[in-house]
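Undergrad:
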Amino acid sequence: MKPWPLNELHGLKEKGLLRKLITTTPLGKVIVEVDGRACLDFSSNDYLGLSQHPKIKKAAIRAIDEYGVGSRASRLMTGNIRLYTDLEDAVSKLKGTEAAIVFGSGYLCNLSIISTLTGPGDLVLLDRLCHASIVDGALLSKARIIRFAHNDLSSLKEILEQKRTSYKNVLICMETVYSMDGDIGPVSEVLHLARQHAAMLLADEAHAVGVFGKKGEGIISQGDEQKPDVIIGTFGKALGGYGAFCATTKAFRDYLVNKARGLIYSTALPPASLAANLKALELLPSLENERKRLLLWAKDLRNLLVKELGLRTGGDSQIVPLILKSVQEVLELEAFLKKRGIIARAIRPPTVPKDSPRIRFSLSSAMDEKDIESLKEALKDFFSGRKKS
Ligand SMILES: Cc1ncc(COP(=O)(O)O)c(C=O)c1O
């Protein structure tokens, strides 16, 4: 008898859902070598090209020279080097919160925070399109989980009205820019509902930080009078580095330092990552033109998809999904684009709902006009003569 994982793998292959790692070598800000060929990368989250920024690289190298390659311990032991304090100060300043706390990655951050804040007898309300790290945090908490329809305030309101009183604590989770759809979450309206029903709100700004806001602070700004209780952001996307943060109150920070297992039982981030993140935050305010350019290109690409090609897309950000009818068509487009020197990876269930496999184009301000044009030309060629989705 074959071991059961092999049967499952076979099943995935049959359905066109087998995931495979490709090996890439970055050759510049937006070019990666794949299978010996230099390709334009439309699948990275390096929205501002900061992973290759000379000043950020220099800061990381300096930190290695000063502190070494690893942090040697968890933060609660001796891993909490000075760069953590500097980075957390910079985050709380950017977000206009009392305090901030840095975690190992966005996944770890959501997993730890949600499972720390809620437990049996509590209720976690998730937007239906919340990222896997949010879902997994809720599952780990053993709280009751209810999903509300995506960005649908009446669905959320109805659940709160019907269920709030049956649970001790209620945490609502949402994203400010949704990772696979690129659309924006109605954060102030959700916050209003949360306050009306004595619920807490966690808003994940993973794909908003760096790209939105006058200084790149994200959708939730320094000056906002009312803010979610917990604001999550990652350093691994527009900031080009690695790690994540939670911007919050001093009291919540103290609570997380005492209770969040992903912080307590995990080695502190390497000094190079901390220093790179700090430098990226320092550069953010100066990148206003980059942010404008990025969002304009995304709008332009959406126009092509909808108006010229009659295809299905959505969103209002640098993430432009192209939703197709079948996994088969998505895989064909992925292969076609690769032949044209463009990497744009297929996104299939379970990452997205069964009826909406897609290619998720993520743009970078480090691209130039002709890079965007070559994607547009390739899309026109692929879809010309094809039946529209
Ligand atoms: C909304 C959201 N939150 C969290 C994460 C996880 O962040 P990280 O890649 O830093 O683990 C992602 C990653 O794609 C995401 O899209």
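For the sequence shown, our numbering gives the first residue as 18, with consecutive numbering after it. Cβ atoms here follow ideal geometry from the backbone N, Cα and C, with glycine treated the same way. Bear in mind the structure is a predicted one, so any value in this text is a computation, not a measurement.
1) Under DSSP, the beta strand (DSSP E) around residue 58 begins and ends at which residues?
2) Around the Cβ of residue 384, are there at least 16 other Cβ atoms within 10 angstroms (buried) or fewer (exposed)?
3) Taking the alpha-carbon of residue 30 as reference, which of 380, 366 and 395 has the nearest alpha-carbon?
4) What's the C-alpha gap between residue 209 and residue 170?
5) Near residue 357, which residues of its chain fall below 6 angstroms by C-beta distance, leaving aside the five closest residues on each side in sequence?
6) Any chance the CB of residue 221 is under 6 angstroms from a heavy atom of ligand 1?
7) Using a Cβ-based criterion (distance less than 6 angstroms to any ligand heavy atom), does residue 261 qualify as near ligand 1?
8) Please look up how many angstroms separate the CB atoms of residue 189 and residue 142, rounded, as I've assumed it's under 8 angstroms.
9) Looking at the structure shown, is residue 293 part of a helix, part of a strand, or coil, going by DSSP?
10) What is the rounded straight-line gap between the Cα of residue 272 and the Cα of residue 200?
11) Going by C-alpha distance, which of 173, 228 and 226 is nearest residue 218?
12) Short of 6 angstroms in beta carbon distance, which residues of its chain neighbour residue 118, apart from the five on each side in sequence? Order them along the chain.
13) Can you name, in chain order, every residue of its own chain whose Cβ lies under 8 angstroms from the Cβ of residue 300, other than the five neighbours on each side?
14) In terms of alpha-carbon separation, which member of 369, 241, 289 and 351 lies closest to residue 114?
15) So does residue 325 have its beta carbon nearer than 6 angstroms to some heavy atom of ligand 1?
16) Hey, quick one: how far does the alpha helix (DSSP H) through residue 353 stretch, first residue to last?
17) In terms of alpha-carbon separation, which member of 228, 26 and 36 lies closest to residue 348?
18) Alpha carbon to alpha carbon, how far is residue 259 from residue 220? Give it in angstroms, no decimals.
19) Taking the alpha helix (DSSP H) that residue 26 falls in, what are its first and last residues?
20) Applying the 10 Å Cβ sphere with the 16-neighbour rule, what's the burial state of residue 335?
21) Indicate whether residue 140 and residue 164 have their beta-carbon atoms separated by less than 7 angstroms.
22) Helix, strand or coil, according to DSSP, for residue 250 in the structure here?
23) Hey, residue 284 and residue 96 are a contact pair by Cβ (cut 8 angstroms); roughly how many whole angstroms apart?
24) Roughly how many angstroms lie between the CA atoms of residue 286 and residue 149, to the nearest whole one?
25) Checking the sheet assignment: what are the DSSP bridge partners for residue 376?
26) Contact check, residue 341 vs residue 350 under 8 angstroms by CB: the rounded distance?
27) Is the CB-CB distance between residue 244 and residue 237 below 7 angstroms?
28) If you compare alpha carbons, which of 98, 27 and 33 is closest to residue 291?
TA: Taking the coordinates as given:
1) Looking at the DSSP string, the run of the beta strand (DSSP E) that includes residue 58 is 54 to 58.
2) Here residue 384 is buried: its Cβ has 16 or more other Cβ atoms, across all protein chains shown, within 10 Å.
3) Closest option to residue 30, Cα to Cα, is 366.
4) Whole-angstrom Cα-Cα distance: 10 angstroms.
5) Here the set comprises 395.
6) Between ligand 1 and the CB of residue 221, the shortest heavy atom gap is smaller than 6 angstroms.
7) Within 6 angstroms of the C-beta of residue 261 there is at least one heavy atom belonging to ligand 1.
8) At roughly 5 angstroms, the Cβ-Cβ gap stays under 8 angstroms, so residue 189 and residue 142 are in contact.
9) Three-state result, residue 293: helix.
10) Roughly 32 angstroms between the two C-alpha positions.
11) With respect to the C-alpha of residue 218, the residue from 173, 228 and 226 having the closest C-alpha is 173.
12) Excluding residues within five positions, the ones whose Cβ falls inside 6 angstroms are 263, 270 and 273.
13) Around residue 300, the same chain offers 67, 70, 72 and 73 as residues with beta carbons nearer than 8 angstroms, after the five sequence neighbours per side are excluded.
14) For the residues 369, 241, 289 and 351, the minimum Cα distance to residue 114 belongs to 241.
15) Answer for residue 325: no, Cβ out of range of ligand 1.
16) Membership of residue 353 in the alpha helix (DSSP H) is indicated by the continuous run 344 to 356.
17) Of the residues 228, 26 and 36, the one whose Cα lies closest to the Cα of residue 348 is 36.
18) C-alpha separation (whole angstroms): 19 angstroms.
19) Residue 26 -> alpha helix (DSSP H) spans 21 to 31.
20) Counting Cβ neighbours within 10 Å, residue 335 comes out buried, since at least 16 surround it.
21) Taking 7 angstroms as the Cβ cut-off, residue 140 and residue 164 do not qualify as a contacting pair.
22) Residue 250: strand per DSSP, three-state reduction.
23) That pair is a contact at about 6 angstroms.
24) Rounded to the nearest angstrom, the two C-alpha atoms are 22 angstroms apart.
25) Residue 376 pairs with 339 and 363.
26) Right, their Cβ atoms sit about 7 angstroms apart.
27) In this structure, the beta-carbon distance from residue 244 to residue 237 falls below 7 angstroms.
28) For the set 98, 27 and 33, the Cα lying nearest the Cα of residue 291 is the one of 98.
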